[in-house]
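Numbers in the working numbering are just positions in the sequence shown, counted from 1, shifted up by 59. Below: one structure, written as structure tokens.
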Amino acid sequence: METEINFDDLNIYVRSKIPTHRLLKILLFILNLSIILGLLWFVYTLQEDKPNILAFFLPIIYAFTMGKYLLWNAFGEEYYIISTTHISYQHNYGFWQTKLKTSKYDFISTENIKLETDEKITLVFVQYNTEKLQEVIFSTALSISFSDSNRIFNALNEIRINEFGHDVNFPQIFSN
């Protein structure tokens, strides 16, 4: 898993990329292309008796539903920006990106994923609703390493401490 983490005075910028092997990308592309061509051939053979335009939507529907997963597994990237109160997130599918969405959160929880060689962490951003029940606002699609999550939480704590400090151009607070 490739994860890039950058910090500034107010935000943490995280970019995670799916580590798909080049050979697997080629095999996924060939498999999906052969399925789409097979569906087109199947629809064409159905047209001998009577023409049916609606049958041509079958390969198109497959391309838009399963093609999304092909692009995600081949080129998928996840961007999120964490501040002390808000999370902004976006997914990149290689050929298009989703819109940047921003949501307010109350706290961050983690879900541990144990793999054979490494322990990965999924970040879950939670907000309390009007009934004071927890709602998941955003959960990372790509897990990150335990050390990367520590870097994120340490930087977030540092931002919280320095949020009203001199470094971020807020007026300095003096005790009376």
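Built from N, CA and C at the ideal position, the CB exists for glycine as well.
Original post:
Do you know how far the Cα of N111 is from the Cα of F184?
Top reply: 48 Å
Subject >> Test item: CB-CB of P118 and L99 under 8 Å >> reply: yes
Subject >> Cα-Cα separation between D207 and K76, rounded to whole angstroms >> reply: 14 Å
Subject >> Straight-line gap, A214 to I71 (C-alpha atoms, nearest Å) >> reply: 7 Å
Original post:
At what residue ranges does the stretch 137-221 contain a whole run of the beta strand (DSSP E), taking only runs of 3 or more?
Top reply: 145-151, 160-163, 166-173, 178-187, 193-198
Original post:
Going by C-alpha distance, which of G153, V102, D165, K179 is nearest Y138?
Top reply: G153
**OP:** Go to F115, then tell me how far its alpha helix (DSSP H) extends in each direction, as first and last residue.
**Re:** Careful: F115 lies outside any alpha helix (DSSP H) and carries neither H nor E.
Subject >> Bridge-paired residues (DSSP) for E61 >> reply: K76
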